[in-house]
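Chemist: Shown below is the structure under consideration.
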Amino acid sequence: ISWFSPNGEKLTPNQQRISVVRNDEFSSTLTIYNANIDDAGIYKCVVSSLEQGDSEATVNVKIFQKLMFKNAPTPQEFKEGDDAVIVCDVVSSLPPTIIWKHNGRDVILKKDVRCIVLSNNY
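The sequence shown: position 16 = 16 (UniProt numbering), numbered continuously.
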């Protein structure tokens, strides 16, 4: 049983971040330690048999980026009477749900006409 990376490279046992273990005669395990987005792709498992030849299966590995705050400066200061545009930029593979809170409570947009969330979630 052999494993191949998305770029076609044969994966060998005891690589730095990738482990290939032959469990028994019929199975093998591929483990990616500390996986990151660059590890995503289609991995191939190839089985060779004298009687039946080669057979293969592919596994589509998806790695989602951990949610990170790209820009959330603190403190953000404004003058009384001015518009306060509070910025919070988030980076994530999947679109996040952004909920604004004030003093631990959700900002309810319909009740508080002083607060609006723009289409870009600001």
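Cβ atoms here follow ideal geometry from the backbone N, Cα and C, with glycine treated the same way.
If you're wondering where the values come from, they're calculated on a predicted model, not measured in any experiment.
Whole angstroms are fine: how far does the CA of F64 sit from the CA of residue 123?
Modeler: Past the boundaries of the shown model lies residue 123; the chain is included only from 1 to 122, so the question cannot be answered.
Chemist: Grouping DSSP H, G and I as helix and E and B as strand, with all else coil, what is D82?
Modeler: Within the sequence shown, numbered from 1, the residue matching residue 82 stands at position 82. In this structure, D82 counts as coil in the three-state DSSP scheme.
Chemist: In angstroms, rounded to a whole number, what distance separates the CA positions of K101 and S2?
Modeler: Position 101 of the sequence shown, counting from 1, holds the residue named residue 101. Position 2 of the sequence shown, counting from 1, holds the residue named residue 2. Approximately 51 Å between the Cα atoms of the pair.
Chemist: Runs of 4 residues minimum, wholly inside the UniProt domain "Ig-like" (1 to 62): which ones carry the alpha helix (DSSP H) assignment?
Modeler: Fully enclosed alpha helix (DSSP H) runs of 4 or longer: not present.
Chemist: Can you grab the Cα-Cα spacing for the pair E56 / S49, in whole Å?
Modeler: Here residue 56 refers to the residue found at position 56 of the sequence shown. Here residue 49 refers to the residue found at position 49 of the sequence shown. If you take the alpha carbons of E56 and S49, they lie about 11 Å apart.
Chemist: Can you find the residues in the same chain that come closer than 8 Å, C-beta to C-beta, to V87, ignoring five residues on each side of it along the sequence?
Modeler: Counting from 1 along the sequence shown, the entry for residue 87 is found at position 87. Only N71, A72, P73, Q76, Y122 meet the Cβ criterion.
Chemist: Between which two residues does the beta strand (DSSP E) harbouring N71 extend?
Modeler: One-based indexing of the sequence shown puts residue 71 at position 71. Taken as a continuous stretch (DSSP letters only), the beta strand (DSSP E) holding N71 covers 68 to 71.
Chemist: Given this structure, state the Cα-to-Cα distance separating I99 from Y33, to the nearest angstrom.
Modeler: Working through the sequence shown from its first residue, we reach residue 99 at position 99. Working through the sequence shown from its first residue, we reach residue 33 at position 33. Looking at the two C-alpha atoms, the distance is approximately 32 Å.
Chemist: Could you compute how far the alpha carbon of A84 sits from the alpha carbon of P96?
Modeler: Looking up residue 84 in the sequence shown gives position 84. Looking up residue 96 in the sequence shown gives position 96. Rounded to the nearest angstrom, the two C-alpha atoms are 23 Å apart.
Chemist: Could you give the first and the last residue of the continuous beta strand (DSSP E) run that contains V107?
Modeler: For this step, residue 107 is matched to residue 107 along the sequence shown. Looking at the DSSP string, V107 is not in any beta strand (DSSP E), and its letter there is neither H nor E.
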